[in-house]
Amino acid sequence: MSNHSISSEIDPLIPESHSNYDSVDDGQPFHTKDRDVAQLNPDYAANIGHAATDFYEAVIEEEHQDSNIEQDEDVVWLQEQRSMNKTMHWFKRPSIFMVGVLVFSAAFASGSGESTRQMLSLKLACNYLARSNPNGHCDPRNAQVLVSNLQMFYSIFGGLTMMFASGKISPLSDIYGRRLFLRLSILALLLARFSRFLLMFNFPYLRFNLMVLTEVLGNLCGGLITLISITNCYISDVVEPHQRIYCLGLNIAFLFIGYSTGPLVGNFLLKLADLYRPGKQHQGSTQSLFETDLSINRNEFVPLQFEIFIFVLAALFTLFILPESRSSKARRKSRTLSRSLSRSLINASASQESNSMGTYLWSFLNTINFLKPIRLLFYPSGVVNPSNYHRINRDRTVVIILSFCECFLTGLGITLQEINILYGVYVFGWTSKDIGHLLAIACATRAFTLMILSPIITRRFLQGYMGFRTLKNQFDMIDFTMAFCAFILEAIGLTCMAMAPQTRFFFGSLLFTSFGALASPALNSSTIKFYPESKIGEVFGGLSLLKNVFALLGPTVFLTIYKKSVLSWNIPYVSFLVGASLMTLMAILLVFAKRLLRLDKNLDPMILTRSNSVASLQSLMDGSPTTQSNDTNRPKIKGSRSGSFSKSPANNTAHAKSVRRSSSFNQTGFSR
Numbered sequence: 053m054s055n056h057s058i059s060s061e062i063d064p065l066i067p068e069s070h071s072n073y074d075s076v077d078d079g080q081p082f083h084t085k086d087r088d089v090a091q092l093n094p095d096y097a098a099n100i101g102h103a104a105t106d107f108y109e110a111v112i113e114e115e116h117q118d119s120n121i122e123q124d125e126d127v128v129w130l131q132e133q134r135s136m137n138k139t140m141h142w143f144k145r146p147s148i149f150m151v152g153v154l155v156f157s158a159a160f161a162s163g164s165g166e167s168t169r170q171m172l173s174l175k176l177a178c179n180y181l182a183r184s185n186p187n188g189h190c191d192p193r194n195a196q197v198l199v200s201n202l203q204m205f206y207s208i209f210g211g212l213t214m215m216f217a218s219g220k221i222s223p224l225s226d227i228y229g230r231r232l233f234l235r236l237s238i239l240a241l242l243l244a245r246f247s248r249f250l251l252m253f254n255f256p257y258l259r260f261n262l263m264v265l266t267e268v269l270g271n272l273c274g275g276l277i278t279l280i281s282i283t284n285c286y287i288s289d290v291v292e293p294h295q296r297i298y299c300l301g302l303n304i305a306f307l308f309i310g311y312s313t314g315p316l317v318g319n320f321l322l323k324l325a326d327l328y329r330p331g332k333q334h335q336g337s338t339q340s341l342f343e344t345d346l347s348i349n350r351n352e353f354v355p356l357q358f359e360i361f362i363f364v365l366a367a368l369f370t371l372f373i374l375p376e377s378r379s380s381k382a383r384r385k386s387r388t389l390s391r392s393l394s395r396s397l398i399n400a401s402a403s404q405e406s407n408s409m410g411t412y413l414w415s416f417l418n419t420i421n422f423l424k425p426i427r428l429l430f431y432p433s434g435v436v437n438p439s440n441y442h443r444i445n446r447d448r449t450v451v452i453i454l455s456f457c458e459c460f461l462t463g464l465g466i467t468l469q470e471i472n473i474l475y476g477v478y479v480f481g482w483t484s485k486d487i488g489h490l491l492a493i494a495c496a497t498r499a500f501t502l503m504i505l506s507p508i509i510t511r512r513f514l515q516g517y518m519g520f521r522t523l524k525n526q527f528d529m530i531d532f533t534m535a536f537c538a539f540i541l542e543a544i545g546l547t548c549m550a551m552a553p554q555t556r557f558f559f560g561s562l563l564f565t566s567f568g569a570l571a572s573p574a575l576n577s578s579t580i581k582f583y584p585e586s587k588i589g590e591v592f593g594g595l596s597l598l599k600n601v602f603a604l605l606g607p608t609v610f611l612t613i614y615k616k617s618v619l620s621w622n623i624p625y626v627s628f629l630v631g632a633s634l635m636t637l638m639a640i641l642l643v644f645a646k647r648l649l650r651l652d653k654n655l656d657p658m659i660l661t662r663s664n665s666v667a668s669l670q671s672l673m674d675g676s677p678t679t680q681s682n683d684t685n686r687p688k689i690k691g692s693r694s695g696s697f698s699k700s701p702a703n704n705t706a707h708a709k710s711v712r713r714s715s716s717f718n719q720t721g722f723s724r
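Sequence positions in the sequence shown follow my numbering and run 53 to 724.
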């Protein structure tokens, strides 16, 4: 018997010159070649099953490989870039340390001047109100309302500017690199802080419109939210997927370390200025601030001057030291794809428009469309792996939930930071030093949670004790547990803040809210698991855009609630209770996502394999009960939960019927 004869009998893809089969199930005897095959494997149905399995795997794997050529190319380039980075000197190597220095510098600078800037805003607001008061005094409640309105206008106009910038900058960073836009973001923040310093330093009362304009200037390149978004892209470029949760957490930790140490340095500079300035010292009473001490000493601006100095150093760091993380090949490919897409849109519009003016107008509108990245957050079919098409609706729902929770958390965090300060000044009589202590404690506890507790919880408890596994392509139990516990503990902390009778209890409640920092890196990491590597920048751009929407709406809604609670209800802590309720709602949404994906500790990476081919075919041909196959070591194809379509004979028979619909059994074997 020749090898060709055997192979043509077993492999249905090899054509044969003549047919030697009678029907298998009609009781007719085998021909000569049938007996040879039967000697090769006495179970004739097993041979047919192996042939069907090999054929099915070849078809599926070929489709899978063809659909992922582009994605695999991006992965290869990233791996090449990461390998090349390891050979570089640490000073020239793109790393989380490099981008962490930048994030820390921006946060440290902002934190060092924030408490002083808030108190100076209140004093300038008092001066503004005192001008219309015959007694020369300002009402504390009216000052609270005026500063709340200022913060609200910051959020509205600054948020609108950030929405446009963030919708374009993160996707453009895929094309032109991360470093360029990190430079622009730092320079915009530097110009904004310098111009605001000039307004506060040179005018004795609040210049409302010009102050809002400085906020717009600082957000022309996306502001701090887009800066964090680009640094997240930077980190995703340089670290392996299984390291992303911890490294993204470190990025946020650098932010909180800067915000925790900055206020301490700002308070130290104020004390140092008090020692050398002539005249009376800082007034520590809120009553004196609002009613008697409306003068502003020049030495109070020292923290703001120090803030500008640090931003200058950060700008020099991005200009001369910070290396690029995205490889030239990946940038070149992104530019090519972007140009091809633009040409296709122009050609499509040209075929519909009769005049060239309409064509160019369509191209211009497409270019300035800053909302394009947000479509990725709805998980379009173009970014879905073909092997996961059968579960696209579930995955899309989960992606939307994760994106919503992450962006909501960012917007609420920005809002509550502003309300914490206003609430403390109004209820507890805080000074700039107390505000500095608030920022230091809040950010230091969050940094400790991310840098120390996060790896311990993840590796020792969730992976070690609980036995949870990290899944590279979907939301997993580690992500769920971290985010769920973070939302619940944050809700508890906000409730405690609402009931705190004194400052020390208010500060103690921050220990609970610090665990809320665990949610952001887990949600960020789990969201980008669903997308190919080439779309990471655009995904973070969409997240940044949505965060800016929440940063725009959140302060507007919550500051309105706070003003109403102060002026009308006389219960200023209502905002904290509303925030706690919303945190609980986010935790419930995560539980829904978990149940939707049927997550548990035994969930494997998505493996799509068939049930036992021999058993299925045998039951199909002779109606006998299915039996356990020897074919346990055959290759598996990605996509299923447990490694097989079914576990029961009934399910295997049903699957055999589906095989019959897609492939017909005839005298020459299996044909597609």
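For every residue, glycine included, the Cβ atom is placed at its ideal position computed from N, Cα and C.
Ranking Leu641, Cys537 and Ser281 by CA distance to the CA of Met215 puts Ser281 first.
If you look at Pro432, you'll find it isn't in any alpha helix (DSSP H); DSSP assigns it neither H nor E. As the crow flies, the alpha-carbon of Ser578 is around 20 Å from that of Glu542. Rounded to the nearest whole angstrom, the CA to CA distance from Phe246 to Ile360 is 6 Å.
Residue environment analysis places Trp482 among the buried positions, since at least 16 neighbouring C-beta atoms fall within 10 angstroms of its C-beta. Comparing alpha carbon positions, the residue from Arg193, Asp652 and Cys299 closest to Cys178 is Arg193. By the C-beta criterion, the stretch 455-473 is judged not to be in contact with the stretch 283-290, since fewer than 3 inter-stretch pairs fall below 8 Å. Non-local beta-carbon contacts of Ala632 in its own chain, meaning distances under 6 Å to residues more than five positions away in sequence, involve Ala543, Leu546 and Thr547 in chain order. Counting the other CB atoms within 10 Å of its CB gives Ser184 a total below 16, which places it among the exposed residues.
Between Thr313 and Phe160, the C-beta gap is smaller than 8 Å, which places the two residues in contact. Using a 10 angstroms sphere on the CB of Asp652, the tally of other CB atoms stays under 16, which defines it as exposed. With contacts defined as CB atoms closer than 8 Å, Asn254 and Val155 fail to qualify as a contacting pair.
The alpha-carbon separation between Val477 and Arg521 amounts to approximately 46 Å.
About 14 Å separates the beta carbon of Phe372 from that of Ser157, a gap too long to meet the 8 Å contact definition. Comparing C-alpha distances from Arg350 to each of Leu321, Leu365 and Ser377 shows the shortest one belongs to Leu321. With a threshold of 16 other beta carbon atoms within 10 Å, Met204 meets it and is buried.
Unbroken alpha helix (DSSP H) stretches of 4 residues or longer found wholly inside the stretch 562-644: 571-580 and 588-616, given in chain order. The continuous alpha helix (DSSP H) containing Ser207 extends over residues Pro192 to Tyr228.
Non-local C-beta neighbours of Pro355 in its own chain, meaning closer than 6 Å and more than five positions away in sequence, comprise Ser164, Gly165, Thr168, Gly318 and Leu321, ordered along the chain. Sixteen is the threshold: when 16 or more other Cβ atoms of the shown chains lie within 10 Å of the Cβ of Phe308, as they do, the residue is buried. Ranking Phe249, Ser218 and Leu251 by CA distance to the CA of Ser237 puts Ser218 first.
Sequence-distant Cβ neighbours of Ala535 in its own chain, meaning closer than 6 Å and more than five residues away, are Ala571, Ala574, Leu575 and Leu642. Thr510 is not a Cβ neighbour of Leu563, given a cutoff of 8 Å.
In terms of Cα proximity to Asn271, the closest of Phe559, Gly211 and Ala182 is Gly211.
Secondary structure at Ile473: helix, using DSSP grouped into helix, strand and coil. Taken through DSSP and simplified to helix, strand or coil, Pro375 comes out as coil. For Tyr286, the enclosing alpha helix (DSSP H) has its first and last residue at Gly275 to Val290.
Restricting attention to Pro425, Asn472, Leu202 and Leu262, the CA atom closest to the CA of Ser627 is found in Asn472. Contact between Leu242 and Val364 is confirmed by a C-beta separation of about 7 Å, below the 8 Å threshold. The DSSP-derived three-state label of Lys653 is coil.
About 5 Å separates the CB atoms of Pro425 and Pro223; that is less than 8 Å, so the two are in contact.
Bounds of any alpha helix (DSSP H) do not take in Lys524, whose DSSP letter is neither H nor E. In the displayed model, Gln554 falls within coil according to three-state DSSP, outside both helix and strand.
Sequence-distant partners of Tyr298 (beyond 5 residues in either direction) whose C-beta falls short of 8 Å from its own C-beta, in its chain, are Ser506, Pro507, Thr510 and Pro573. Around Tyr206, the same chain offers Glu267 as residues with beta carbons nearer than 6 Å, after the five sequence neighbours per side are excluded. In this structure, DSSP gives Ile238 a helical state, which the three-state scheme calls helix.
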